[in-house]
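For reference, the structure is listed below as structure tokens.
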Amino acid sequence: MEKVPMTVRGEQKLLKELEVLLKRRPLISQAIAEARELGDLKENAEYHAAREEQGICEAQIRDIEYKLSVAQVIDVTTLANTGKVIFGTTIKLLDLDSDKEMTYCIVGDDEADIKQNLISVNSPIARGLIGKLVGDEVQITTPGGLKEFEIMDVQYV
Numbered sequence: 042m043e044k045v046p047m048t049v050r051g052e053q054k055l056l057k058e059l060e061v062l063l064k065r066r067p068l069i070s071q072a073i074a075e076a077r078e079l080g081d082l083k084e085n086a087e088y089h090a091a092r093e094e095q096g097i098c099e100a101q102i103r104d105i106e107y108k109l110s111v112a113q114v115i116d117v118t119t120l121a122n123t124g125k126v127i128f129g130t131t132i133k134l135l136d137l138d139s140d141k142e143m144t145y146c147i148v149g150d151d152e153a154d155i156k157q158n159l160i161s162v163n164s165p166i167a168r169g170l171i172g173k174l175v176g177d178e179v180q181i182t183t184p185g186g187l188k189e190f191e192i193m194d195v196q197y198v
């Protein structure tokens with residue numbers, strides 16, 4: 042089984058989600074038991090709704106447990122900052138075309154959220170940056186065309 046990179050934040054988020062779902066399990070079971078007491082199960086909307094909720098909850102639990110089982114949690118704060126872009130680092134870039142500064146953190150696929158400047162390790166920008174050093178200028182082909190960036194800072198936070 043191939044391991045999938047994940048940040049410590051990503052692992053903590055999944056563990057919290059799993060904890061919430063595991064606490065919901067007994068409540069759903071109780072709702073099913075109460076709905077059974079109402080009589081005929083064929084026409085019992087409460088029973089069917091509770092069973093559907095149980096199925097969704099169990100599927101989410103299995104999904105999170107699988108993600109955690111294949112995760113290779115990488116904590117960049119334990120590594121020496123060499124100025125090299127690696128998984129988990131936060132990178133300050135200068136777009137050489139627009140002179141606009143931007144900051145991204147390279148995270149796993151499930152953690153990516155562009156609104157929070159979290160980019161997937163498999164995104165074109167992350168793939169173009171990994172292995173580069175502070176001060177390097179890189180050309181990256183993005184869906185919007187060829188972009189040129191200068192790596193201004195790399196933080197291991």
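Each residue of the sequence shown is one higher than the last, beginning at 42 in this note's numbering.
Heads up, the beta-carbon is just placed ideally off N, CA and C, and yes, glycines get one too.
Remember, predicted model here, so these are calculated numbers, not experimental data.
From residue i to residue j, what does the alpha carbon distance come to, in whole angstroms?
i, j, result
"residue 45", "residue 149", "7 Å"
"residue 67", "residue 113", "31 Å"
"residue 77", "residue 88", "6 Å"
"residue 157", "residue 102", "25 Å"
"residue 165", "residue 65", "39 Å"
In three-state terms, what does DSSP make of residue i?
i, result
"residue 171", "coil"
"residue 189", "strand"
"residue 57", "helix"
"residue 125", "strand"
"residue 141", "strand"
"residue 82", "coil"
"residue 120", "coil"
Quick one: residues in its chain with C-beta nearer than 8 Å to the C-beta of residue i, no 5 flanking neighbours on either side, listed in chain order?
i, result
"residue 142", "133, 134, 135, 136, 193"
Leaving out the 5 sequence neighbours to the left and right, which residues in its chain are closer than 6 Å to residue i when beta-carbon positions are compared?
i, result
"residue 171", "126"
"residue 96", "none"
"residue 161", "150, 153"
Return the chain-ordered list of same chain residues with a C-beta closer than 7 Å to the C-beta of residue i, the five sequence neighbours on each side being excluded.
i, result
"residue 138", "188, 189"
"residue 48", "115, 129, 148, 149, 152"
"residue 169", "179, 181"
Identify every residue that forms a DSSP beta bridge with residue i.
i, result
"residue 156", "Note: residue 156 sits in no beta bridge, so no partner."
"residue 161", "148"
"residue 115", "48"
For the alpha helix (DSSP H) that contains residue i, what are its first and last residues?
i, result
"residue 109", "86 to 111"
Could you pull the start and end residues of the beta strand (DSSP E) that residue i belongs to?
i, result
"residue 46", "45 to 48"
"residue 182", "178 to 183"
"residue 131", "131 to 136"
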